[in-house]
Amino acid sequence: MNLLAITWDPSLGLDLGFFVIRYYSLMFVIAFALGYQIMKKIFIYENIELEKLDKLLMYVVFATILGARLGHVFFYDWAYFSQHPEEILLPFKFRPEFRFTGFAGLASHGAAIGIIASLWYFSKKILQKPLLYVLDRVSLTIASGGVFVRLGNLMNSEIIGHPTGTDYGFIFKALGEDFPRHPTQLYESFGYLMVFAIIFYMFWKTNAKEKLGLIFGVFFTLLWSVRFVVEFFKEAQVDDRASWALNTGQWLSIPLILIGIYFVIQAKKK
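Numbers in the numbering used here are just positions in the sequence shown, counted from 1, shifted up by 387.
Here it is in C-alpha coordinates:
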(Lines of atoms letter the chains of each structure in order from A and count residues from 1; the text may use other names and numbers.)
(Lines give C-alpha, C1' and ligand atoms only; values in the text may rest on other atoms or scores of the structure.)
Protein backbone atom coordinates (compact mmCIF):
# COMPACT_ATOMS: atom_id res chain seq x y z
CA MET A 1 0.00 0.00 0.00
CA ASN A 2 1.43 3.40 -1.06
CA LEU A 3 0.16 5.51 1.81
CA LEU A 4 2.43 8.49 1.05
CA ALA A 5 2.16 8.30 -2.72
CA ILE A 6 0.13 10.65 -4.88
CA THR A 7 -1.71 9.08 -7.80
CA TRP A 8 -1.03 11.51 -10.63
CA ASP A 9 -3.48 11.31 -13.51
CA PRO A 10 -4.43 14.80 -14.75
CA SER A 11 -5.96 15.53 -18.12
CA LEU A 12 -3.62 16.95 -20.74
CA GLY A 13 -5.51 20.22 -20.90
CA LEU A 14 -8.63 22.29 -20.51
CA ASP A 15 -11.30 20.97 -22.84
CA LEU A 16 -13.34 23.87 -24.16
CA GLY A 17 -15.44 21.61 -26.36
CA PHE A 18 -14.17 23.00 -29.64
CA PHE A 19 -10.53 23.24 -28.53
CA VAL A 20 -8.22 21.81 -25.87
CA ILE A 21 -5.77 24.15 -24.16
CA ARG A 22 -2.87 21.88 -23.21
CA TYR A 23 -1.45 22.57 -19.76
CA TYR A 24 2.10 22.38 -21.11
CA SER A 25 1.40 25.15 -23.61
CA LEU A 26 -0.42 27.14 -20.93
CA MET A 27 2.64 26.96 -18.67
CA PHE A 28 4.78 28.36 -21.49
CA VAL A 29 2.34 31.23 -21.97
CA ILE A 30 2.39 32.00 -18.24
CA ALA A 31 6.21 31.86 -18.21
CA PHE A 32 6.53 34.36 -21.06
CA ALA A 33 3.76 36.62 -19.73
CA LEU A 34 5.35 36.78 -16.27
CA GLY A 35 8.77 37.35 -17.81
CA TYR A 36 7.36 40.22 -19.85
CA GLN A 37 5.94 41.89 -16.75
CA ILE A 38 9.23 41.53 -14.86
CA MET A 39 11.20 43.05 -17.73
CA LYS A 40 8.63 45.83 -18.10
CA LYS A 41 9.17 46.79 -14.47
CA ILE A 42 12.95 46.79 -15.03
CA PHE A 43 12.67 48.86 -18.22
CA ILE A 44 10.52 51.47 -16.45
CA TYR A 45 12.86 51.52 -13.46
CA GLU A 46 15.89 52.10 -15.69
CA ASN A 47 14.16 54.52 -18.11
CA ILE A 48 14.42 52.30 -21.21
CA GLU A 49 11.91 52.75 -24.02
CA LEU A 50 9.15 50.16 -23.68
CA GLU A 51 8.87 49.63 -27.44
CA LYS A 52 12.21 47.85 -27.25
CA LEU A 53 10.66 45.37 -24.83
CA ASP A 54 8.32 44.03 -27.52
CA LYS A 55 11.30 43.23 -29.75
CA LEU A 56 13.05 41.56 -26.82
CA LEU A 57 10.01 39.35 -26.20
CA MET A 58 9.80 38.39 -29.87
CA TYR A 59 13.48 37.46 -30.04
CA VAL A 60 13.44 35.46 -26.81
CA VAL A 61 10.26 33.51 -27.63
CA PHE A 62 11.59 32.52 -31.04
CA ALA A 63 15.08 31.70 -29.73
CA THR A 64 13.72 29.66 -26.81
CA ILE A 65 11.53 27.42 -28.93
CA LEU A 66 14.03 27.01 -31.77
CA GLY A 67 17.02 26.52 -29.48
CA ALA A 68 15.19 24.07 -27.23
CA ARG A 69 14.01 22.05 -30.21
CA LEU A 70 17.41 21.88 -31.90
CA GLY A 71 19.02 21.12 -28.54
CA HIS A 72 16.80 18.07 -28.13
CA VAL A 73 17.47 16.98 -31.71
CA PHE A 74 21.26 17.20 -31.54
CA PHE A 75 21.95 16.49 -27.86
CA TYR A 76 19.41 13.75 -27.14
CA ASP A 77 17.85 12.15 -30.22
CA TRP A 78 20.00 12.66 -33.31
CA ALA A 79 19.79 8.96 -34.19
CA TYR A 80 16.04 9.33 -34.75
CA PHE A 81 15.93 12.78 -36.35
CA SER A 82 18.78 12.03 -38.73
CA GLN A 83 16.37 9.51 -40.25
CA HIS A 84 13.33 11.82 -39.98
CA PRO A 85 14.67 15.32 -40.73
CA GLU A 86 11.25 16.60 -41.75
CA GLU A 87 10.09 16.29 -38.14
CA ILE A 88 12.80 18.54 -36.69
CA LEU A 89 10.95 21.84 -37.15
CA LEU A 90 7.42 20.59 -37.82
CA PRO A 91 5.00 19.42 -35.09
CA PHE A 92 3.92 16.44 -37.20
CA LYS A 93 4.84 12.84 -37.85
CA PHE A 94 4.55 11.65 -41.44
CA ARG A 95 5.52 8.01 -40.92
CA PRO A 96 3.98 5.47 -40.63
CA GLU A 97 0.97 7.79 -40.88
CA PHE A 98 0.37 11.53 -40.60
CA ARG A 99 -0.17 12.59 -36.99
CA PHE A 100 0.01 15.88 -35.06
CA THR A 101 2.48 15.50 -32.19
CA GLY A 102 3.41 19.03 -31.15
CA PHE A 103 7.00 19.69 -30.14
CA ALA A 104 7.38 16.84 -27.67
CA GLY A 105 11.16 17.22 -27.42
CA LEU A 106 12.59 20.46 -25.99
CA ALA A 107 15.98 20.70 -24.26
CA SER A 108 16.81 23.47 -21.80
CA HIS A 109 20.50 23.44 -22.74
CA GLY A 110 19.57 24.23 -26.33
CA ALA A 111 17.19 26.93 -25.14
CA ALA A 112 20.04 28.54 -23.17
CA ILE A 113 22.23 28.72 -26.29
CA GLY A 114 19.40 30.14 -28.39
CA ILE A 115 18.46 32.77 -25.80
CA ILE A 116 22.03 33.99 -25.35
CA ALA A 117 22.47 34.25 -29.13
CA SER A 118 19.27 36.30 -29.47
CA LEU A 119 20.22 38.54 -26.54
CA TRP A 120 23.60 39.22 -28.11
CA TYR A 121 21.84 40.52 -31.22
CA PHE A 122 19.33 42.50 -29.14
CA SER A 123 22.03 44.09 -26.99
CA LYS A 124 24.13 45.16 -29.98
CA LYS A 125 21.49 46.20 -32.51
CA ILE A 126 18.52 47.32 -30.43
CA LEU A 127 19.47 48.26 -26.88
CA GLN A 128 23.08 49.22 -27.62
CA LYS A 129 24.31 48.15 -24.21
CA PRO A 130 26.77 45.41 -23.18
CA LEU A 131 25.52 41.84 -23.47
CA LEU A 132 26.14 41.25 -19.77
CA TYR A 133 23.89 44.19 -18.91
CA VAL A 134 21.03 42.41 -20.68
CA LEU A 135 21.91 38.95 -19.32
CA ASP A 136 21.91 40.24 -15.73
CA ARG A 137 18.33 41.42 -16.15
CA VAL A 138 16.92 38.64 -18.30
CA SER A 139 18.19 36.10 -15.73
CA LEU A 140 15.22 37.03 -13.57
CA THR A 141 12.73 36.12 -16.27
CA ILE A 142 14.42 32.86 -17.24
CA ALA A 143 14.53 31.64 -13.64
CA SER A 144 10.83 32.37 -13.15
CA GLY A 145 10.00 30.79 -16.50
CA GLY A 146 11.80 27.58 -15.59
CA VAL A 147 9.43 27.13 -12.65
CA PHE A 148 6.39 26.94 -14.94
CA VAL A 149 8.02 24.92 -17.71
CA ARG A 150 8.80 22.12 -15.26
CA LEU A 151 5.23 22.27 -13.93
CA GLY A 152 4.16 21.77 -17.53
CA ASN A 153 6.36 18.68 -17.70
CA LEU A 154 4.63 17.39 -14.58
CA MET A 155 1.21 17.89 -16.18
CA ASN A 156 2.47 15.90 -19.19
CA SER A 157 3.83 13.13 -16.95
CA GLU A 158 7.23 13.47 -18.64
CA ILE A 159 10.86 13.84 -17.53
CA ILE A 160 10.05 11.43 -14.74
CA GLY A 161 12.20 10.33 -11.82
CA HIS A 162 13.51 6.98 -10.71
CA PRO A 163 11.22 4.70 -8.70
CA THR A 164 11.55 5.67 -5.04
CA GLY A 165 11.35 2.10 -3.75
CA THR A 166 9.23 3.43 -0.87
CA ASP A 167 5.67 4.58 -0.24
CA TYR A 168 6.68 8.14 -1.13
CA GLY A 169 6.37 9.61 -4.61
CA PHE A 170 4.06 10.15 -7.58
CA ILE A 171 2.32 7.27 -9.33
CA PHE A 172 2.06 8.31 -12.99
CA LYS A 173 -1.14 6.65 -14.18
CA ALA A 174 -0.68 8.05 -17.69
CA LEU A 175 2.35 5.76 -17.99
CA GLY A 176 0.34 2.74 -16.86
CA GLU A 177 2.33 2.40 -13.65
CA ASP A 178 1.30 1.44 -10.11
CA PHE A 179 4.48 2.34 -8.21
CA PRO A 180 5.75 5.74 -7.00
CA ARG A 181 8.55 7.71 -8.63
CA HIS A 182 10.49 10.79 -7.59
CA PRO A 183 8.54 13.90 -8.75
CA THR A 184 11.70 15.38 -10.29
CA GLN A 185 9.64 17.99 -12.12
CA LEU A 186 8.65 19.43 -8.73
CA TYR A 187 12.21 19.16 -7.40
CA GLU A 188 13.51 21.16 -10.34
CA SER A 189 10.65 23.66 -10.29
CA PHE A 190 11.23 24.37 -6.60
CA GLY A 191 14.98 24.68 -7.21
CA TYR A 192 14.38 27.27 -9.93
CA LEU A 193 12.03 29.16 -7.61
CA MET A 194 14.86 29.39 -5.08
CA VAL A 195 17.24 30.62 -7.79
CA PHE A 196 14.71 33.28 -8.77
CA ALA A 197 14.33 34.40 -5.15
CA ILE A 198 18.10 34.77 -4.72
CA ILE A 199 18.74 36.80 -7.85
CA PHE A 200 15.56 38.85 -7.33
CA TYR A 201 16.95 39.85 -3.94
CA MET A 202 20.37 40.58 -5.47
CA PHE A 203 18.88 42.83 -8.16
CA TRP A 204 16.45 44.87 -6.09
CA LYS A 205 18.08 44.87 -2.63
CA THR A 206 21.83 45.04 -3.31
CA ASN A 207 24.25 46.80 -5.66
CA ALA A 208 24.92 43.58 -7.61
CA LYS A 209 23.41 45.01 -10.81
CA GLU A 210 26.16 47.63 -10.88
CA LYS A 211 28.76 44.89 -11.43
CA LEU A 212 28.34 43.61 -14.97
CA GLY A 213 27.93 39.84 -15.11
CA LEU A 214 27.59 39.19 -11.36
CA ILE A 215 23.86 38.42 -11.36
CA PHE A 216 24.17 36.41 -14.55
CA GLY A 217 27.11 34.46 -13.11
CA VAL A 218 25.23 33.62 -9.92
CA PHE A 219 22.15 32.70 -11.95
CA PHE A 220 24.05 30.40 -14.31
CA THR A 221 25.95 28.72 -11.50
CA LEU A 222 22.84 28.06 -9.41
CA LEU A 223 20.50 27.16 -12.27
CA TRP A 224 22.73 24.48 -13.78
CA SER A 225 23.73 23.23 -10.33
CA VAL A 226 20.04 22.58 -9.64
CA ARG A 227 19.79 20.76 -12.95
CA PHE A 228 22.95 18.73 -12.22
CA VAL A 229 21.70 17.57 -8.81
CA VAL A 230 18.14 16.76 -9.90
CA GLU A 231 19.48 14.63 -12.76
CA PHE A 232 20.60 12.05 -10.17
CA PHE A 233 16.91 11.37 -9.49
CA LYS A 234 15.75 11.34 -13.12
CA GLU A 235 15.33 8.49 -15.52
CA ALA A 236 17.87 8.75 -18.34
CA GLN A 237 16.36 10.47 -21.37
CA VAL A 238 18.76 8.70 -23.74
CA ASP A 239 18.91 4.93 -23.25
CA ASP A 240 22.33 4.33 -24.77
CA ARG A 241 23.94 6.75 -22.27
CA ALA A 242 22.20 5.47 -19.15
CA SER A 243 25.27 3.47 -18.09
CA TRP A 244 27.54 6.54 -17.88
CA ALA A 245 28.60 7.79 -14.45
CA LEU A 246 26.91 11.07 -15.37
CA ASN A 247 24.06 11.43 -17.85
CA THR A 248 23.86 13.75 -20.84
CA GLY A 249 22.11 16.53 -18.92
CA GLN A 250 24.84 16.54 -16.28
CA TRP A 251 27.71 16.57 -18.77
CA LEU A 252 26.08 19.50 -20.54
CA SER A 253 25.55 21.32 -17.24
CA ILE A 254 29.16 21.17 -16.05
CA PRO A 255 30.63 23.69 -18.55
CA LEU A 256 27.69 26.03 -17.94
CA ILE A 257 28.31 25.93 -14.18
CA LEU A 258 31.98 26.76 -14.83
CA ILE A 259 30.97 29.65 -17.09
CA GLY A 260 28.78 31.00 -14.30
CA ILE A 261 31.62 30.77 -11.78
CA TYR A 262 33.94 32.55 -14.22
CA PHE A 263 31.56 35.52 -14.56
CA VAL A 264 31.13 35.75 -10.77
CA ILE A 265 34.91 35.91 -10.30
CA GLN A 266 35.39 38.43 -13.09
CA ALA A 267 32.57 40.66 -11.81
CA LYS A 268 34.03 40.73 -8.31
CA LYS A 269 37.43 41.77 -9.68
CA LYS A 270 35.98 44.88 -11.31
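Yeah, the Cβ is synthetic: ideal placement off N, Cα and C, and Gly gets one too. As the structure is a prediction and not an experimental result, all values here were calculated from the model.
Straight-line CA distance for residue 636 to residue 614?
For the purposes of this step, residue 636 is taken as the residue at position 249 of the sequence shown. For the purposes of this step, residue 614 is taken as the residue at position 227 of the sequence shown. Their Cα atoms are separated by approximately 8 Å.
Residue range of the alpha helix (DSSP H) that residue 614 falls in?
The residue given as residue 614 occupies position 227 in the sequence shown. Run containing residue 614: 601–617, per the alpha helix (DSSP H) assignment.
Leaving out the 5 sequence neighbours to the left and right, which residues in its chain are closer than 8 Å to residue 650 when beta-carbon positions are compared?
As a first step, residue 650 is located in the sequence shown; it is residue number 263 there, counting from the start. Excluding positions up to five away in sequence, the list reads 519, 600, 601, 603, 604 and 607.
The segment 523–532 contacting the segment 424–432, beta-carbon criterion three pairs below 8 Å
yes
Between the segment 566–573 and the segment 532–547, do three or more beta carbon pairs fall short of 8 Å?
yes
Return yes when the Cβ of residue 415 is within less than 9 Å of the Cβ of residue 534, no when it is not.
For the purposes of this step, residue 534 is taken as the residue at position 147 of the sequence shown. For the purposes of this step, residue 415 is taken as the residue at position 28 of the sequence shown. Going by C-beta atoms, residue 534 is not nearer than 9 Å to residue 415.
Would you report the Cα separation of residue 452 and residue 620, rounded to the nearest angstrom?
The residue labelled residue 452 in the question sits at position 65 within the sequence shown. The residue labelled residue 620 in the question sits at position 233 within the sequence shown. Using only the alpha carbons, I get a separation of about 26 Å.
Identify every residue that forms a DSSP beta bridge with residue 528.
Reading the sequence shown from its first residue, position 141 is the one you call residue 528. Paired residue(s): none; residue 528 is not in a bridge.
Given a cut-off of 9 Å, decide if residue 548 and residue 495 are closer than it, judged by their beta-carbon atoms.
Walking along the sequence shown from the start, residue 495 turns up at place 108. Walking along the sequence shown from the start, residue 548 turns up at place 161. It is not a contact, given that the beta carbons lie outside the stated cut-off.
By the 10 Å Cβ neighbour count, where 16 or more other Cβ atoms means buried, how is residue 398 classified, buried or exposed?
Translated into the one-based positions of the sequence shown, residue 398 becomes position 11. Under this definition residue 398 is an exposed residue.
For residue 423, which residues in the same chain have their Cβ closer than 6 Å to its Cβ, ignoring the five residues on either side in sequence?
Taking the first residue of the sequence shown as position 1, residue 423 is located at position 36. Taken in chain order, the residues that qualify are 444.
Can you give me the start and stop residues for the beta strand (DSSP E) that residue 667 sits inside?
Any property of residue 667 remains undetermined from this structure, which presents the chain solely from 388 to 657.
Whose C-alpha, out of 598, 438, 563 and 530, is nearest the C-alpha of residue 421?
Position 34 of the sequence shown, counting from 1, holds the residue named residue 421. Of 598, 438, 563 and 530, the residue nearest in Cα terms is 530.
Take the Cβ of residue 618 as the centre, count every other Cβ of all protein chains shown within 10 Å, and call the residue buried at 16 or more, exposed below.
As a working note, residue 618 is residue 231 in the sequence shown. Under this definition residue 618 is a buried residue.
Following a CB-centred definition, is residue 637 positioned closer than 8 Å to any heavy atom of the ligand NAD?
This structure lacks the ligand NAD; in fact it carries no ligand of any kind.
Out of 555, 532 and 562, which has the shortest C-alpha to C-alpha gap to residue 546?
Start at 1 with the first residue of the sequence shown, and residue 546 comes out as number 159. Comparing Cα positions, the closest option is 562.
Residue 418 beta carbon less than 9 Å from that of residue 501:
Along the sequence shown, one-based indexing puts residue 501 at 114. Along the sequence shown, one-based indexing puts residue 418 at 31. No; because the gap between Cβ atoms is not below 9 Å, this pair is not in contact.
Start and end of the beta strand (DSSP E) containing residue 568?
In the sequence shown, counting from the first residue as 1, residue 568 sits at position 181. Counting along the chain, residue 568 falls outside any beta strand (DSSP E), and DSSP gives it neither H nor E.
9 Å Cβ cutoff met for residue 497 and residue 455:
Position 110 of the sequence shown, counted from the first residue, corresponds to residue 497. Position 68 of the sequence shown, counted from the first residue, corresponds to residue 455. Taking 9 Å as the Cβ cut-off, residue 497 and residue 455 qualify as a contacting pair.
At what residues does the beta strand (DSSP E) containing residue 650 begin and finish?
Your numbering for residue 650 matches position 263 in the sequence shown. Residue 650 -> not in any beta strand (DSSP E); alpha helix (DSSP H) instead, spanning 635–656.
Taking the alpha-carbon positions, what's the residue 578 to residue 556 distance?
Working through the sequence shown from its first residue, we reach residue 578 at position 191. Working through the sequence shown from its first residue, we reach residue 556 at position 169. Distance between the alpha carbons of residue 578 and residue 556: 18 Å.
Nonlocal neighbours in the same chain, by C-beta distance under 6 Å from residue 610, ignoring five residues either side
In the sequence shown, residue 610 corresponds to position 223, counting from 1. Taken in chain order, the residues that qualify are 582.
Beta strand (DSSP E) segment containing residue 392, residue limits
Taking the first residue of the sequence shown as 1, we reach residue 392 at position 5. It spans 392–395 - the beta strand (DSSP E) in which residue 392 sits, taken as one unbroken run.
Use the C-beta contact count for residue 395: other C-beta atoms within 10 angstroms, 16 or more gives buried, fewer gives exposed.
Numbered from 1 along the sequence shown, position 8 holds the residue referred to as residue 395. So residue 395 ends up on the buried side.
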